[in-house]
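Take any residue in the sequence shown, note its place counting from 1, add 1220, and you have its number in the working numbering. By construction, the Cβ of each residue, glycine as well, lies at the ideal position given by its N, Cα and C atoms. Okay, so here's the structure we're looking at.
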Amino acid sequence: MKTVAKENRPSGLMKSSYIRSFFKKYLLNYIFGIIALVIVDVVQTRVPIIVGEVIDGVDLGSFDAAFIKSSILKLFAIAGTIYAGRILWRYFIFGTSRSIERDIRNDMFSHLEKMSARFYHQHGTGEIMAHMTNDLEAVRMALGPGILTLFDVVALGSITIYNMVTEIDPLLTVAAVIPLLLIAISVRFMGRELQIRFTKKQESFADLSNYVQENLSGIKVIKSFVQENKSISSFEKWNKNSYDKNIKLSVIQTLMHPFMQMISGIALAVAIGYGGYITIKGRITIGEFSAFIQYLGMLVWPMMATGMTINLFNTGAASLERVERILNEPVEIKDSITTSALDNLTGNIYVKNLSYKYPDTDKNVLSNISFSVQKGQTLGIIGRTGSGKTTLVNLMLRIFEPDRGTMFIGNSDILDIPLNVLRKNIGYVPQDNFLFSDTIANNIDFGARTGNMDNIIEAAKSAVVHDNIIEFKHGYETLVGEKGVSVSGGQKQRISIARALIKNPEILILDDSVSAVDTDTEEKILKHINENRKGSTNIIIAHRISTIQNADVIIVLDEGKIVETGTHQQLIQQAGLYNSIYEKQLLEKMLEEQE
Ligand SMILES: Nc1ncnc2c1ncn2[C@@H]1O[C@H](COP(=O)(O)OP(=O)(O)OP(=O)(O)O)[C@@H](O)[C@H]1O
């Protein structure tokens, strides 16, 4: 990713070194586009002169066949040049703005992929989507139509005024152009307010997107709690807020347009009045008078475009600031300078005096945790809900950062293990597992990328989900996720386990990953793991004792502290928290069997 200017202000799109780097990259395209634009402007400003000559020819009686022919040929040549020139500047200027939009979007996405869990906690998906769509669109408008109008204003405006002064009458030009300047001045001042209103409009759209995204994700909960009406009325409030901000922006835009038309009407009146007078006096010819009126019409556009250009740059800069705010978010979790050149990990895990509190909170969710697991062993973690089990494995994966000197794999502090090596060697099945809108085969092969159907089937068999998969109409090619078939919670869990098993990772972490399967299936999965993963390390988090009772070491967490450690038998004998969970679950089982 390119370096992004931190000091960028909405007032200056060009102040951003990030944007300047794109200008450098696409400089030739812009140069070709601007040359084509200037050529179009030069030739099109010849038209009033040619028409004026024809009118004078008729007026003075010097109109003959050769004159008509040459005038027609000139007009054809001009039309052809304008046609070709407009195609070229569209291609070079608008095309380049689309390329830059694509490049920035790529930068944003690859940066977002590096962002930590904390970042996603602070920025809603809807907000990020709004930056990637609406804001990028505004940046593109500044870099395409904005650049175009900027050069068009300068070229067309100055050539037209030059022609009016040199070929018609300087005084008439001054008299007619002064009212037009009012357009440029008023738009300049309204532009600031326009930028503020535009920023508010974009922010309200980001809020609205967030609300929609969250509601659609939670649609099942909304329906099951019959909260549709509440949801709809909240949506209406957000939507009204967005509507109000849009209207406020439109008010300014609406006021500006008729104002500009009024001013150009005044300029025309001045031109007709004073221009007609000096024509009668014989200072200019009828043809020149007609050319002048045409030039005046041509000038209205550059004057209006001055305002448009400023607005496009202002709104583009406001949007760029939001885009850069995302791009400037530091990558919090990354390889450190002390990262060693490791390729592989051994599954010996050592945790020493680990304490952790989440960013922006006061309370430790883990306190003074110490334990070790040897390569090839299985560690079971059990504890009441909220006791810190998921936090512990998230620290091991460096989804959140532990303190240096508290977590080691092999002989390395995990802060010194390259992130990709750490995560490649850990097969993680999260509690809230997620399937992508893709085939089951691709979902299983997601991390390992073996591309080998035999491996995929073997992993599915180990996760005891193969029989379910082949019952689907399209088997492993069945589409799942948002656009595909719905799979049950238990099937989803087992497809996720297969996704971790196919990697044959040095360390496998199952975070409450068999909670949605029956105990028979659970037993089969654990048996496969036990048989197939000899020499590798497993960490199994569970609420059911049956899931972890065969583990080599079990730790019992309570309120962020290890309260008991040992094997199943040892913990039963300790008659502490583990034993009370065990007895409670035994009782529940007996009652279930009696029913
Ligand atoms: N991102 C976060 N920011 C702040 N606090 C958090 C965050 N994630 C979890 N917590 C808090 O940390 C504590 C431990 O949560 P954790 O998810 O590790 O518990 P757990 O033992 O895995 O629970 P469960 O068995 O319900 O999955 C809880 O009090 C929780 O509210």
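The alpha helix (DSSP H) spanning isoleucine 1792 covers which residue range?
Note, isoleucine 1792: alpha helix (DSSP H), 1788 to 1794.
Please classify lysine 1335: does DSSP put it in a helix, a strand, or coil?
Here residue 1335 is methionine; the residue named in the question, lysine, does not match the sequence. Residue state for methionine 1335 is assigned as coil, using DSSP reduced to three classes.
Which of the three DSSP states is assigned to phenylalanine 1666 in this structure?
Phenylalanine 1666 falls in the coil class under three-state DSSP.
Taking alanine 1538 as part of the alpha helix (DSSP H), name the residues at either end of that continuous run.
First-last of the alpha helix (DSSP H) with alanine 1538: 1506 to 1547.
Going by beta-carbon coordinates alone, are tyrosine 1696 and isoleucine 1660 separated by less than 7 Å?
Yes, Cβ-Cβ distance for tyrosine 1696 and isoleucine 1660 is below 7 Å.
Excluding five sequence neighbours on each side, which residues of the same chain lie with their C-beta closer than 6 Å to the C-beta of glycine 1796?
Here glycine 1796 has Glu1784 as same chain residues with Cβ atoms under 6 Å from its own Cβ, once five neighbours each way along the sequence are excluded.
Quick check on the burial criterion: 16 or more other C-beta atoms within 10 angstroms. Buried or exposed for serine 1236?
Under this definition serine 1236 is a buried residue.
Suppose you measure from the CA of isoleucine 1634 to the CA of glycine 1709; what does that come to, to the nearest Å?
Using only the alpha carbons, I get a separation of about 33 Å.
Take every Cβ of the stretch 1461 to 1474, pair it with every Cβ of the stretch 1489 to 1499, and state whether three or more of those distances are shorter than 8 Å.
Because the criterion of three Cβ pairs below 8 Å is not met, the stretch 1461 to 1474 and the stretch 1489 to 1499 do not touch.
Those runs of the alpha helix (DSSP H) which lie wholly inside the stretch 1426 to 1467 and span at least 4 residues
Within the stretch 1426 to 1467, the runs of alpha helix (DSSP H) at least 4 residues long that lie entirely inside it are, in chain order, 1439 to 1444.
Sequence-distant residues of its chain with Cβ nearer than 6 Å to phenylalanine 1312 (five each side left out)
Scanning its chain for C-beta atoms nearer than 6 Å, with the 5 sequence neighbours on each side dropped, one finds around phenylalanine 1312 the residues Asn1249, Phe1252, Gly1253, in chain order.
Assign proline 1268 to buried or exposed, taking buried as 16 or more other Cβ atoms, counted over all protein chains shown, within 10 Å of its Cβ.
Buried: at least 16 other Cβ atoms inside 10 Å.
Those residues, in chain order, that have a beta-carbon closer than 5 Å to some heavy atom of ligand 1
Those residues, listed in chain order, are Tyr1578, Val1585, Thr1605, Gly1606, Ser1607, Gly1608, Lys1609, Thr1610, Thr1611.
Are valine 1773 and tyrosine 1798 close, meaning C-beta to C-beta below 7 Å?
By the CB criterion at 7 Å, valine 1773 and tyrosine 1798 fall outside the cutoff.
Comparing C-alpha positions only, which one of Leu1617, Leu1370, Lys1693 sits nearest to leucine 1642?
Considering only alpha carbons, the answer is Leu1617.
Which complete alpha helix (DSSP H) runs does the stretch 1313 to 1389 hold, if anything under 4 residues is left out?
Scanning the stretch 1313 to 1389 for uninterrupted alpha helix (DSSP H) segments of 4 residues or longer gives 1315 to 1334, 1337 to 1342, 1345 to 1350, 1356 to 1361, 1367 to 1383, listed from N- to C-terminal end.
Looking only at its own chain, which residues have a Cβ that is under 7 Å from the Cβ of threonine 1386, when we skip the five neighbours before and after it?
Residues of the same chain with their beta carbon placed closer than 7 Å to that of threonine 1386 are lacking, with the five preceding and five following residues left out of the count.
May I ask you to report which of helix, strand or coil DSSP gives glycine 1695?
In this structure, glycine 1695 counts as helix in the three-state DSSP scheme.
Given this structure, state the Cα-to-Cα distance separating glycine 1438 from methionine 1476, to the nearest angstrom.
Each residue's alpha carbon lies about 43 Å from the other.
Chain-order list of residues whose beta-carbon lies under 8 Å from that of glutamine 1769 (same chain, five-residue window excluded)
If the five residues before and after glutamine 1769 are omitted, its C-beta is found closer than 8 Å to the C-beta atoms of Gly1600, His1788, all from its own chain and listed in chain order.
Could you pull the start and end residues of the alpha helix (DSSP H) that isoleucine 1717 belongs to?
Its alpha helix (DSSP H) spans residues 1709 to 1721.
Using only CA atoms, which one of Ser1592, Phe1666, Ile1307, Asn1573 lies nearest to proline 1622?
The option with the nearest alpha carbon to proline 1622 is Asn1573.
Rounded to whole angstroms, what's the CA-CA distance from serine 1330 to glycine 1377? Just pull it up for me.
Linking serine 1330 to glycine 1377 through their CA atoms gives a straight-line distance of about 42 Å.
With which residues is aspartate 1633 paired in a DSSP beta bridge?
The partner list for aspartate 1633 (beta bridge, DSSP) reads Phe1628.
Three or more C-beta pairs below 8 Å linking the stretch 1747 to 1757 and the stretch 1574 to 1582:
The count of Cβ pairs closer than 8 Å, one atom from the stretch 1747 to 1757 and one from the stretch 1574 to 1582, stays below three, leaving the stretches out of contact.
Which whole-angstrom value is the C-beta distance of leucine 1233 and leucine 1540, which I expect to be below 8 Å?
The distance from the Cβ of leucine 1233 to that of leucine 1540 is about 6 Å, consistent with a contact at the 8 Å cut-off.
Find out if the Cβ-Cβ distance for the pair valine 1263, serine 1291 is shorter than 7 Å.
Their beta carbons are not under 7 Å apart, which means valine 1263 does not touch serine 1291 by this criterion.
Quick check: what's the CA-CA separation for aspartate 1674 versus isoleucine 1717?
Within the model, the alpha-carbon separation for aspartate 1674 versus isoleucine 1717 is close to 16 Å.
At the level of alpha carbons, what is the spacing between serine 1682 and isoleucine 1749?
Straight-line Cα distance between these residues: approximately 7 Å.
What are the boundary residues of the alpha helix (DSSP H) that includes alanine 1676?
Contrary to the premise, residue 1676 reads as isoleucine rather than alanine in this sequence. In the DSSP assignment, isoleucine 1676 falls within the unbroken alpha helix (DSSP H) covering 1673 to 1682.
Measure how close the beta-carbons of leucine 1370 and tryptophan 1309 come, nearest whole angstrom, since I'm counting them as under 8 Å.
Not really, about 13 Å apart at Cβ, beyond 8 Å.
Where threonine 1741 sits in the DSSP three-state scheme
Correct three-state label for threonine 1741: helix.
Beta-carbon gap between valine 1684 and isoleucine 1722 smaller than 7 Å:
Result no, Cβ atoms of valine 1684 and isoleucine 1722 do not sit closer than 7 Å.
Can you find the residues in the same chain that come closer than 6 Å, C-beta to C-beta, to phenylalanine 1509, ignoring five residues on each side of it along the sequence?
Excluding positions up to five away in sequence, the list reads Gly1495, Thr1499.
In the DSSP assignment, find the unbroken beta strand (DSSP E) run with alanine 1762 in it and report its ends.
Unbroken beta strand (DSSP E) run through alanine 1762: 1757 to 1762.
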